[in-house]
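The numbering of the sequence shown is the numbering used here, which starts it at 184 and goes up by one. Cβ atoms here follow ideal geometry from the backbone N, Cα and C, with glycine treated the same way. A short worksheet on the structure shown next.
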Amino acid sequence: MMRTLLTLSFALVAPAALPQSRPQTTNMTCGAAASLVQTQGAAVLGTGRDTFDRFVRDASFCAHGQVLKPAIAPTADQRQCQVAWRCYDEPQENR
């Protein structure tokens with residue numbers, strides 16, 4: 184009985200430990216990727232086989248003192264699509 188309960192508890196916990204898949208920009212059109220970020224406000228998207236990045240709609244999704252820079256990613260229809268923006272720390276000399 185104890186063995187069954189232990190096995191069952193591991194079976195219930197195991198799926199939570201699996202890596203979560205994320206939307207891939209390379210499987211979307213440029214417009215679809217940009218629309219996803221606009222709708223969600225901020226999103227972590229895969230940008231290649233083993234790469235990903237966080238994209239934001241506007242500065243309200245950045246930490247205080249960060250600035251926006253264009254976020255370019257490959258999509259199904261464009262090699263360089265401005266999907267949205269990325270948050271970067273503002274250089275010290277600009278503060």
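| Check | Outcome |
| --- | --- |
| From Asn210, Gly231, Ala225 and Thr230, pick the residue whose C-alpha is nearest to that of aspartate 241; which is it? | Ala225 |
| Hey, how far is the Cα of proline 257 from the Cα of proline 274? | 27 Å |
| Which word fits glutamine 263, buried or exposed, when buried means at least 16 other C-beta atoms lie within 10 angstroms of its C-beta? | exposed |
| Does cysteine 245 come out as helix, strand or coil in the three-state DSSP assignment? | coil |
| So, tyrosine 271 versus valine 250, is the Cβ gap smaller than 8 Å? | yes |
| Using only alpha-carbon positions, find the residue among Gly248, Asp233 and Arg237 that is nearest to valine 220. | Arg237 |
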